Structure formats: structure tokens, C-alpha cells
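Counting from 1, one number per residue, gives the positions in the sequence shown under the UniProt record's numbering. We put the beta carbon where it would ideally sit given N, CA and C, even for glycine. Small disclaimer: the values here were computed from a predicted structure and weren't measured. Below is one structure, written out as C-alpha cells, with a few remarks after it.
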Amino acid sequence: MANILQPTEENLRDLRKFLLFGGLVGVPTETVYGLAANALDAEACANIFQAKERPTNDPLICHVAGVESLEDICYPNPLALRLAERFWPGPLTFVLPKKAKVPAIVTAGLDSVAVRCSAHPDFKRLVEQCDFPIAAPSANPFAYISPTTAQHVQAGLGSKISFILDGGPCAFGVESTIIDVRDESAPRILRYGALPAEEIEAEIGRSIDKPAATDADESVQHLAPGALPKHYSPRTPLALRGGISSEEIEKLGPENAALLLAKPSFATGKNVYWLSKSGRLDEIASQLYSKLREIDESGYSSIIAEEAPELGLGLAINDRLRRASFQ
Ligand code: TXA
Ligand code: MG
């Protein structure tokens, strides 16, 4: 099992060294926990793929300390700089042309790289101490539910890594929004995420190309190679439903199906789970993965989950639920 470390100065210093020499570390971000390695060390990055059992055609996201570090690994343009100034540190990832020093394994052989700057205070301190970029995909075994606590990382990858930095539960609970900004005249959202697309549109004053909610992603799969139809999945089969009526809830036997609702209903019973008290989308997002794990570990034969409203963070929540339901 991995050692779970608190974010003391001494531990951060040790972890920097461990990363520099090729180690893998579970790290907190404001979205989900990541599995970190020195992004300039091809062998260390190959170990990420091995630990996660992730296919090597699914590129990694690189983390940098701030806007001024973008040029270390890629060629930013004015649009990227403007959005980074506005939204970093925060849950927005840019796809930009990569510099030659980024190893091919990191980008799955693509000539672009995905780059972001995390707002998590402990991880940010670690990245700032490192004089190299940090590759960190989500710290889950490939295709399983992403981790939002150090304990989730321990449960999924603890036997394969030595250290996990404990930064508490993740504030957002869904991954970063990925935007391809290589063509400044046609930026394109590749993955809905914790930063609502509407906020980016408001910043640049026009609408942005986005994946359709229903296209379980054939349209962007060649652009964002890891955007697989089946992903973020519990082992228990999950069915996604728009609005679940009270009659339906009553008809469901309490034993077999777990119900995952956006907010409390009159239904009670130990098979009824709520993602938020208020129905607020940020609360729903922050609880989504941990509730899915809890249900997955409770022996139900199926999960019936309720869709969130299709706006703002709801697009990211529904995207994850749709992929979780893909058989
Ligand atoms: O919030 C997040 O983004 C988390 C935290 C840990 O930073 N990371 C994360 O990484 O979600 P991961 O590996 O689970 O998802 C990375 C996805 C890939 O599956 C792929 O779809 C996209 O980012 N991606 C990476 N590099 C790309 C590139 N060069 N072009 C297009 N898409 C890329
Ligand atoms: Mg992932």
C-alpha cells in the first residue's frame, strides 16, 4: 500500500525529488486526484500508463505552475494566453502545439499537448517547486470512476505506487474542461468539465463549438483520443434517466436497484442516495464520483441515476453519467 503524506514543506520537498528521479505520486487537484510523473521523463510517464493499465493511445495532461510556464512545453497563441490569464489557476485544459522536448509517450504521438494549471493549493505548491512539468491523468485504473480523495487513490492504485499526497476531498469533483485552441478562429470544447463552457463563451464574447450531449463522442474521439464512450464506470450496471417519478420510485424494490438522485425526494430507504441537499450543480458534481463508488461497493445489481439539468456544470455531470451507463 502507498504512504499517504500530509502536505508539509518537508514532504513536498521529498516528493519533488521523488518525481525528479522518475517516481509516481498520487496528487490532489481541485477536480480529481491525479497520478503524477515528471512529464519530461519518458520512462516515468510510461509507468503511468502501466499503473493505470491505460492504452498508450490516450494522451496525458501536463500541469504547469502558471501562464508564464506555458511556453516551456507548448506554443501558446493570444487566445490561449487570454483564457489562461482569466481562468488559471483553475479547471481549464488547453490543447496546443507541443514543443519537441515533450516525450511522444505523453501525447500519444500527437503533435499537440494538453496543459493546465491546477488551483489546488497543495498541488500548486508542489508544481511551483518542480522545475519540470508534471504529467498527471486521473489516478484511477483505466475506465473506472475517477478518485476524489486520497483514500480512493489508495483503493485503486495503492499497490502500484509509493506515495499519495493528501489534499483532502476535491472541490469540484469532475475533471477539467478541455478546449482545443490551436485554431484561434474556431476554438472547440473537447471535454465538458468543471469550468462551464458558458463562462468561456462569456469571456471571448461568442459561442464555441461543443460536443453534442448525445454523441457519446464519435465526433471528437479522433481529436481527444481518450474520450471513450465507456468511461468513469462503476462495475454495477448503471441506467441514466431524465427525471424519476415518485410512482417509479415506489415500484422499485428497495433491494436490487440503487437510486442516485440529484436531490432529496420523499423517497427514503437505504437504496436511495442523494447527490446534494439543494439540487445545486456544484454540490452534485462534488459528490458524484464518491457516491458512485459507495453504491458500487454496496452490492446492488443495478444503479438508476437521474440526469442533471443540461446547462453549466450539468453538461459535465451528464457526460460522465452517460459514459458510466455505456454497456
Ligand atoms: O481535471 C483533470 O483534467 C484531471 C486532473 C488530474 O488534472 N486529469 C484528467 O486526465 O482528467 P485524464 O488523463 O483522465 O484525461 C486526459 C484526456 C485524454 O483522455 C484526452 O481525451 C485528452 O485529455 N487529451 C490529452 N492530450 C490531448 C491532446 N494532445 N489532444 C487532445 N486531447 C488530449
Ligand atoms: Mg481520466
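(request) Using DSSP bridges, identify the partner residues of H63. (result) Per DSSP, R116, I134.
(request) Could you tell me whether any non-hydrogen atom of ligand 1 is closer than 7 Å to the CB of L165? (result) no
(request) Give a yes or no on whether the C-beta atoms belonging to V113 and C74 are separated by under 8 Å. (result) yes
(request) Take I208 as the anchor and find which of S233, I178, P229 has the nearest alpha-carbon. (result) I178
(message) As a quick exercise: from L228, P237, F266, S245, pick the residue whose alpha carbon is nearest that of A257.
(response) P237
(request) Starting from the Cα of I105, find the closest Cα among G167, V95, N11, L40 and give me that residue. (result) L40
(message) Between the alpha carbons of P121 and L259, how many angstroms are there, rounded?
(response) 35 Å
(request) Identify which residue in P97, E198, G167 has its Cα closest to the Cα of E184. (result) P97
(request) Between the Cα of E307 and those of D296, G242, L81, R86, spot the shortest distance and give me the residue it belongs to. (result) G242
(request) May I ask which residues mark the beginning and end of the alpha helix (DSSP H) holding F49? (result) According to the DSSP assignment, F49 belongs to the alpha helix (DSSP H) that extends over 42–52.
(request) Give me whichever residues DSSP pairs with V25 in a beta bridge. (result) A36, F163
(message) Which same chain residues end up closer than 6 Å to A119 when comparing Cβ atoms and leaving out the 5 residues on each side of it in sequence?
(response) The residues are E30, P89, G90.
(message) Please list the terminal residues of the continuous beta strand (DSSP E) segment that includes E306.
(response) 302–306 is the span of the beta strand (DSSP E), which, as asked, contains E306.
(request) Let me know the secondary structure DSSP gives N3 once reduced to three states. (result) strand
(request) Classify D58 as helix, strand or coil using the three-state DSSP reduction. (result) coil
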